[in-house]
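K.L.:
In our numbering, the protein residues as written are 335 to 672. The structure follows.
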C-alpha cells in the first residue's frame, strides 16, 4: 500500500498549484499560501480528501459497482492505463468521445464491433476480398482499440468516475453530472471544485503527483473488488448450505412418509378381511331371507290348495245330502200317493 502522509505528498510535488493569476477563487479554502507567485495547496486537506475518496470508491465497488478511470492528457495516459489494469478497472486514456455515457447505446455498438473484429483477427476468420479490404479492417480495429480498448468489458454505465483534470475532461464531467454519476477528481488551483462530489486538491500536471493519487485510487478499487468477490463467494456458500438443508428436509419427509406407508397398508389389509366377512354375512343373510321367502310362499300355496280342497269336499257333501233329501222326499211323496 502506498504511504499517505505529508512527506510522500511533498516529495511527489502534490502541493504545487498554478500561478496566482490563473487561480479559481472557489479553490481558496484548499490553498495554504503563496510561493514565488504560485499557490501552495494545503496537503492536510489533500490527505483527508484522498481518504474520503478511497472510502467512497471502496464502498461502491465493494457493492458490485464499477469505477471508470479517466485521464486523457499526455502526462496521465500511461499512468491511468497501468493502474486501471492493475486494479481491474475500466479506463479511458485517449480522447473522450462526446456521448460516451449519454449515448451509451451507440458506444455499446462500437464496443461490440471491436470485440467482433478482435475475435475474427485472432482466429483468422477475416472475410475480405482483397489485401486492401483486410488493411482497412485492421486499421478500423486499431482505431477502435485506441478509443474503446479500456472499456471493452463495460456492459453498463459506471457507478463512479475518477478524473485526473476536470478542466481537461469537461465533457466527461458534464455527462456524469447530467446522469447523476458521482465524480472523484484531482482539482488544481485553477479548477471549480463545486462541479464534483469528491474533489482532491492536488497538482494535476505533475506525473509523480498523478501517479501517487492514481495509485491510491487503484488500491481502493482493488480492495472493493476483493470485498465484492468475497461477498459473492459467501452468497454462493450460503445458497449451497440452504439447498443442502432443503434436500435433507425433503429426504427426511420422504423417509417418514415411507415409514407410515407400510402401517397404512397393513391396516388396509386388516380391514379388507373384515369387509369381506361383512359382505359374506350380508350375502348369506340375503340368501337365507330369500330362501325363507320361497318357503313361505310354498306354505301359503299349500294352505290355499288345502282350503280349496276342503271347500270342494264340503260342497260335494252338501250336494250329496241335498240329493239324498230330495230322493227321500220323492219316495215319501210316492208312498203317500199310493
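C-beta: ideal position from N, C-alpha, C; glycine also.
(1) Figure out for me which residue from 401, 362, 591, 348 has the closest Cα to the Cα of residue 490.
(2) If you run the structure through DSSP and keep just helix, strand and coil, what is residue 337?
(3) Buried or exposed for residue 569, going by 16 or more other Cβ atoms inside 10 Å?
(4) Could you check what DSSP says for residue 352 in three-state terms: helix, strand or coil?
(5) Hey, residue 499 and residue 399 are a contact pair by Cβ (cut 8 Å); roughly how many whole angstroms apart?
(6) Between residue 354 and the rest of its own chain, which residues show a CB-CB distance below 8 Å, the 5 nearest in sequence each way excluded?
(7) Roughly how far, in whole angstroms, is the beta-carbon of residue 529 from the beta-carbon of residue 435, given that I think they are within contact range, below 8 Å?
(8) With a floor of 4 residues, list each alpha helix (DSSP H) that falls wholly inside the region 462-513, ordered by position along the chain.
(9) Starting from residue 439, trace the beta strand (DSSP E) in both directions and tell me its first and last residue.
(10) Could you have a look at residue 429 and say whether DSSP puts it in helix, strand or coil?
(11) Measure the beta-carbon distance from residue 413 to residue 550 and round it to whole angstroms, keeping in mind my assumption that it falls under 8 Å.
(12) Determine, using beta carbons only, whether residue 527 and residue 376 come nearer to each other than 8 Å.
(13) Can you tell me which residues form a DSSP beta bridge with residue 424?
(14) Within the continuous beta strand (DSSP E) that includes residue 374, where are the two ends?
(15) I'd like the list of long-range same chain contacts for residue 339, defined as Cβ closer than 7 Å, with 5 residues on each side in sequence excluded.
(16) Could you work out which residue in 505, 485, 567 is closest to residue 403 when comparing CA atoms only?
(17) Whole angstroms is fine: what's the gap from residue 519's alpha carbon to residue 533's?
(18) Start and end of the beta strand (DSSP E) containing residue 520?
(19) In the DSSP assignment, the beta strand (DSSP E) including residue 533 goes from what residue to what residue?
(20) Here's a check: name, in chain order, each residue in its chain whose Cβ is nearer than 7 Å to the Cβ of residue 542, leaving out the five neighbours to either side.
(21) Could you say if the region 568-585 and the region 419-429 meet the contact criterion of at least three C-beta pairs nearer than 8 Å?
(22) Classify residue 566: buried if its beta carbon has 16 or more other beta carbons within 10 angstroms, exposed otherwise.
(23) Using only the alpha-carbon positions, how far apart do residue 445 and residue 503 sit?
(24) Is the beta carbon of residue 531 sitting closer than 8 Å to the one on residue 521?
(25) Per the DSSP calculation, residue 367 is bridged to which residue(s)?
(26) Give the DSSP-derived three-state secondary structure of residue 362 in the structure shown.
(27) Let me check understanding here. Comparing Cα to Cα, which of 357, 555, 453, 432 lies closest to residue 396?
(28) Can you tell me whether residue 284 is buried or exposed? The criterion is at least 16 other CB atoms within 10 Å of its CB, across all chains shown.
(29) As a quick exercise: from 497, 488, 481, 389, pick the residue whose alpha carbon is nearest that of residue 410.
(30) Compare the Cα-Cα distances from residue 449 to each of 477, 523, 464 and report the closest residue.
(31) By the three-class DSSP mapping on this structure, what secondary structure does residue 347 have?
P.N.:
The structure says:
(1) On the chain shown, residue 490 is found 156 positions in, with the first residue counted as 1. In terms of CA proximity to residue 490, 401 leads the group 401, 362, 591, 348.
(2) Your numbering for residue 337 matches position 3 in the chain shown. In this structure, residue 337 counts as coil in the three-state DSSP scheme.
(3) Position 235 of the chain shown holds residue 569. That one is exposed.
(4) For the purposes of this step, residue 352 is taken as the residue at position 18 of the chain shown. In the structure shown, residue 352 adopts extended strand secondary structure according to DSSP, grouped into three states.
(5) Here residue 499 is taken as the residue at index 165 of the chain shown, counted from 1. Here residue 399 is taken as the residue at index 65 of the chain shown, counted from 1. Residue 499 to residue 399, Cβ: 23 Å. No contact.
(6) Locating residue 354 in the chain shown gives position 20, where the first residue counts as 1. Result list for residue 354: 368, 371, 372, 373, in chain order.
(7) As a first step, residue 529 is located in the chain shown; it is residue number 195 there, counting from the start. As a first step, residue 435 is located in the chain shown; it is residue number 101 there, counting from the start. That pair is no contact at about 16 Å.
(8) 465-482, 504-513
(9) The residue you call residue 439 lines up with position 105 of the chain shown. Careful: residue 439 lies outside any beta strand (DSSP E), inside the alpha helix (DSSP H) at 438-457.
(10) Here residue 429 refers to the residue found at position 95 of the chain shown. Three-state DSSP puts residue 429 in coil, outside helix and strand.
(11) The count along the chain shown starts at 1 and reaches residue 413 at position 79. The count along the chain shown starts at 1 and reaches residue 550 at position 216. Not a contact, Cβ separation roughly 12 Å.
(12) As a first step, residue 527 is located in the chain shown; it is residue number 193 there, counting from the start. As a first step, residue 376 is located in the chain shown; it is residue number 42 there, counting from the start. Against a cut-off of 8 Å, the Cβ pair of residue 376 and residue 527 comes out as no contact.
(13) Taking the first residue of the chain shown as position 1, residue 424 is located at position 90. Paired residue(s): 402.
(14) For the purposes of this step, residue 374 is taken as residue 40 along the chain shown, with counting starting at 1. Counting along the chain, the unbroken beta strand (DSSP E) around residue 374 starts and ends at 372-375.
(15) By 1-based counting over the chain shown, the position of residue 339 is 5. Hits under 7 Å: none found.
(16) Position 69 of the chain shown, counted from the first residue, corresponds to residue 403. Of the candidates 505, 485, 567, the one whose C-alpha sits nearest the C-alpha of residue 403 is 485.
(17) The residue labelled residue 519 in the question sits at position 185 within the chain shown. The residue labelled residue 533 in the question sits at position 199 within the chain shown. Going by the C-alpha atoms only, they are around 5 Å apart.
(18) Mapped onto the chain shown, residue 520 falls at position 186. 517-521 is the span of the beta strand (DSSP E), which, as asked, contains residue 520.
(19) As a working note, residue 533 is residue 199 in the chain shown. Element bounds for residue 533: 532-535.
(20) Numbered from 1 along the chain shown, position 208 holds the residue referred to as residue 542. In the same chain as residue 542, and ignoring 5 residues on each side of it, the C-beta atoms closer than 7 Å to its own belong to 346, 347, in chain order.
(21) no
(22) By 1-based counting over the chain shown, the position of residue 566 is 232. Exposed: under 16 other Cβ atoms inside 10 Å.
(23) Position 111 of the chain shown, counting from 1, holds the residue named residue 445. Position 169 of the chain shown, counting from 1, holds the residue named residue 503. Computed Cα separation, rounded: 21 Å.
(24) Your numbering for residue 531 matches position 197 in the chain shown. Your numbering for residue 521 matches position 187 in the chain shown. No, the Cβ-Cβ distance between residue 531 and residue 521 is not below 8 Å.
(25) Taking the first residue of the chain shown as position 1, residue 367 is located at position 33. The partner list for residue 367 (beta bridge, DSSP) reads 374.
(26) Residue 362 sits at position 28 when you count from the first residue of the chain shown. Three-state result, residue 362: helix.
(27) Your numbering for residue 396 matches position 62 in the chain shown. Selected option, being the one with the closest Cα: 555.
(28) Nothing can be reported for residue 284, as the shown portion of the chain is limited to 335 through 672.
(29) Numbered from its first residue, the chain shown carries residue 410 at position 76. When only C-alpha atoms are compared, the closest one is 497.
(30) Taking the chain shown and counting its residues from 1, one reaches residue 449 at position 115. It is 477 whose Cα lies nearest to the Cα of residue 449.
(31) Walking along the chain shown from the start, residue 347 turns up at place 13. Three-state result, residue 347: coil.
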